[in-house]
Each structure stands twice: as structure tokens, then as C-alpha cells.
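Chemist:
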Amino acid sequence: MDIALRSIFLFFFVYLLMRVLGRRELSSLEPFDLILLVVLGDAIQQGLTQDDYSVTGAMIVISTIGTLAVLTSYLNFRVPWMRRVLDGRPIVLLQDGEVIEQNLKRERITLEELAEEARAQQISSLQDVRWAVFEPSGKISFIMKN
Amino acid sequence: MADVPDGLVLERDRDLEGRRHDIWVRRGLLLLIAAIPVVALFNVFGQRPETHTLVSSAASLKIYAPSRLRGGLLYEARFHITAKADIKDAYLILGPGWAEGMQINTIEPSPANETSDNGRLSFELGHIPAGQSHVLFMQFQVDPTNVALGREQTVELKDGETRLLAFKRHLTIFP
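Chains as they are written, first to last, in my numbering: chain A, 1 to 146; chain B, 1001 to 1175.
1) Taking A/Gln50 as the query, report the chain B residues whose CB atoms sit under 9 Å from its CB, ordered along the chain.
2) Between the stretch 1022-1047 of chain B and chain A, which residues of the former have CB atoms less than 7 Å from a CB of the latter, in chain order?
3) Residues of chain B with CB closer than 7 Å to the CB of A/Asp42, please, in chain order.
4) DSSP state of A/Thr67, grouped into three classes?
5) Examine chain B for any beta-carbon lying closer than 8 Å to the beta-carbon of A/Ile149, and answer yes or no.
6) Assuming A/Leu86 contacts A/Val99 (C-beta within less than 8 Å), just tell me the rounded distance between them.
7) From the beta carbon of B/Leu1008, is the nearest beta carbon of chain A less than 8 Å away?
8) Hey, out of A/Phe134, A/Gln121, A/Gly88, whose CA is closest to A/Lys105's CA?
9) Measuring only between beta-carbons, confirm whether B/Arg1151 sits less than 8 Å from chain E.
10) With respect to the alpha helix (DSSP H) encompassing B/Pro1037, which residues constitute its N-terminal and C-terminal limits?
11) At a cut of 8 Å, does the stretch 1125-1145 of chain B reach the stretch 1090-1101 of chain B through at least three beta carbon pairs?
12) Would you mind giving the Cβ-Cβ distance between B/Lys1084 and B/Ala1130, rounded to the nearest angstrom? I have them listed as a contact below 8 Å.
13) Should A/Leu111 be labelled buried (16 or more other beta-carbon atoms within 10 Å of its own) or exposed?
14) What is the DSSP secondary structure of B/Ser1056, counted as helix, strand or coil?
15) Report the three-state DSSP secondary structure of A/Pro31 (helix, strand or coil).
16) So for B/Val1009, helix, strand or coil by DSSP?
17) Do B/Lys1088 and B/His1127 have their beta-carbon atoms positioned less than 8 Å apart in this structure?
18) At the 8 Å Cβ level, is A/Gln95 part of the contact set with chain B, yes or no?
19) Mapping the DSSP letters down to three states, classify A/Leu5 as helix, strand or coil.
20) Between which two residues does the beta strand (DSSP E) harbouring A/Asn146 extend?
21) Considering only the alpha carbon of each residue, which of B/Asn1146, B/Ala1148, B/Glu1124 lies closest to B/Leu1157?
22) Reducing DSSP to helix, strand and coil, say where A/Tyr53 ends up.
23) Under 8 Å between beta-carbons, which chain A residues line up against B/Arg1068? List them in chain order, please.
24) If you draw a straight line from the alpha carbon of A/Phe142 to that of A/Leu93, how long is it in whole angstroms?
25) Here's the rule: buried if 16 or more other CB atoms are within 10 angstroms of the residue's CB, otherwise exposed. What is A/Ser7?
26) Quick one: what's B/Pro1049 bridged to in DSSP?
27) On the DSSP letters alone, give me the boundaries of the alpha helix (DSSP H) that A/Lys105 sits inside.
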């Protein structure tokens, strides 16, 4: 029972952490982020299984986490207001070449970072962009004027 | 005005109508998460040891052990007995709270005898001459499934049947 409870608690704690950290921190996978993810995974594993090396223990953890992942995904799909809580909503960062400062500030994105993201998508000038949308996945979508 | 991409609602996703307070909820939650390591620095989740000193006319006993632990931790408890008068046959008696859900890895130096004193652990330490000390080291590991909130841990020092000192403390074990 203990191991299932630990799995449930850690699942929701990690979920909360990921939501609270902000989308940008999760969307990029720089070397440091990669190391951070591995360290995070290791720390979680220790708290989850502790000294339980059994196949049964691993099965309990995996099935608990798998069930919770499907459950949250189902809630996301079936309950619209839960979508806002679980996944978040897109945010418009730029319209017709004009940045929306308050939205950039809210997501801790600088103009330079926005331009960098645009360049990564072969967009040389933000003036050519009709919409820039910060998606719940952490990616920035650019829709061109023409 | 530019065509709005499918799925976007300008009032909600650009002007953030009805979403302005979301950021404060997120910041509040972030603050709560950031508070965890700060609280941990203040030993709320253990395992910094504490020292309790008990003194009587016959002896003094210093107990050095953490009172907040977490599942799986290794820790030490140290019992430092100083005899003010001759203790002919010292017994250190620990309540069951010291052993419940714990692995007792080491007891050094080994007591002359170990037995049960009405359900408590009784360690016979032998003769401690006046002015001398006896230090008993015990190493434990908390069972990963052991969770406790204010579990009582009693300590008693006896000379034969005579109680010299008694103490009670409480142990919290976080999951």
C-alpha cells in the first residue's frame, strides 16, 4: 500500500512542479536541463521505491503512474475546465508585428528570446509575423503575415 | 484585424480576460515549493541531532540523537553517562519507541547483557566508577515504511534497581 501512496503523491507533486515551473523551462532541452531531468528522475526513484527491489514493487509503481497519467489525460479531454488547470492555455505574444509586453512579461520571455525563437524558425523579422503564440507545450508558434 | 488562428479566443488568450489571477496562483504555488528547502534548512524534516542533558546527584546523562527523521535514513544515538558517585551496576533502559520500525545496526561498546525490562530494552553497562564516563553509541536505520508522529522514546538510567535518571522525548519520522 505504501508504495502506491508514494507513487500517487510523487506523481501529483511532479505534475504540480512541472506546471508551476513554467512552460519555457520544460520546452528547451539544453545540456543543463538534461542533467536536471536525470537528477530529478533519480531523486524521484529513490523516494518511490526506496529499498524495494522487487518486481512486484516496480509493477505497482509503474501501474500507478500509468493509471494516473491516463486519468489526467482523460480529465483533460473530457472536462474543459480541467484542461486549463492541467495543461494551461495558449497565450498570444505578438500580433501583427507588435509584441504584447504584458504577456511576454507574464511568461518571463524577453524580446531577444522571442526573436531567437523566430530565427530558429527561419523568420528574420518579427515585423513579418502576424501571430506569435506561446503554446501550452512550451513551444512558440509563428504565423506569418502572408 | 488579422484573422485569428483556430482555437484562439482573443479576449482570453491575448487580453487574458478571466486569466489575470492565474499567474498569482502559479506564483503562490511556486512560493510553496520554494518554501520546502527553506523549511528543511531549519531542520523541520530532520535529521540534525539534538542534545538533551539530564543531571542528578548521582550521574549525568547526555543524549545526542535526532528527533526528526525520514524513511531509510541512517543515524546515530549517543548516550554519554558520567558518574558523579560510584554506579555499581548501570543499566540504560530504552523504551520500545527507539526500536520500533528501526534497524539497530550497531551497539558499541557491547553491553554486558541485553534483556527486556517490562517491554523495554535494557542494556547492562556494568560498573562506572565515580568521575568516569561511559559512552554508548547506537547506530540505526529507519525502515522505509516507518512513519511516526510524536512517537515516545523514553530513556532511563538505573543503578541496579534504583532509578537515577529518566527522560522522555518524541520522535517524528517523515515518509
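Note that the Cβ used here is the ideal one computed from N, Cα and C, for glycine as well. Model, not experiment: these values are computed from the prediction.
Modeler: Taking the structure as given:
1) Gly1071, Gly1072, Pro1144, Thr1145
2) Ile1023, Arg1026, Leu1029, Leu1030, Ile1033
3) Going along chain B, no residue has its Cβ under 7 Å from A/Asp42, so there is no contact; the nearest lies around 15 Å.
4) helix
5) Here chain A has residues from 1 to 146 only, and residue 149 of chain A is not among them.
6) That belief does not hold up - the Cβ atoms of A/Leu86 and A/Val99 are roughly 28 Å apart, past 8 Å.
7) yes
8) A/Phe134
9) Protein chains A and B are contained in the structure displayed, whereas chain E is not.
10) 1022-1041
11) yes
12) Rounded to whole angstroms, the Cβ separation of B/Lys1084 and B/Ala1130 is 7 Å, and the two are in contact under 8 Å.
13) It counts as exposed.
14) coil
15) helix
16) coil
17) yes
18) yes
19) helix
20) First-last for A/Asn146: undefined, no H or E at that position.
21) B/Glu1124
22) coil
23) Against B/Arg1068, chain A offers no close residue; the least beta-carbon distance is about 17 Å (beta-carbon pairs closer than 8 Å).
24) Taking the straight line joining both Cα atoms gives about 10 Å.
25) buried
26) B/Pro1066
27) 101-106
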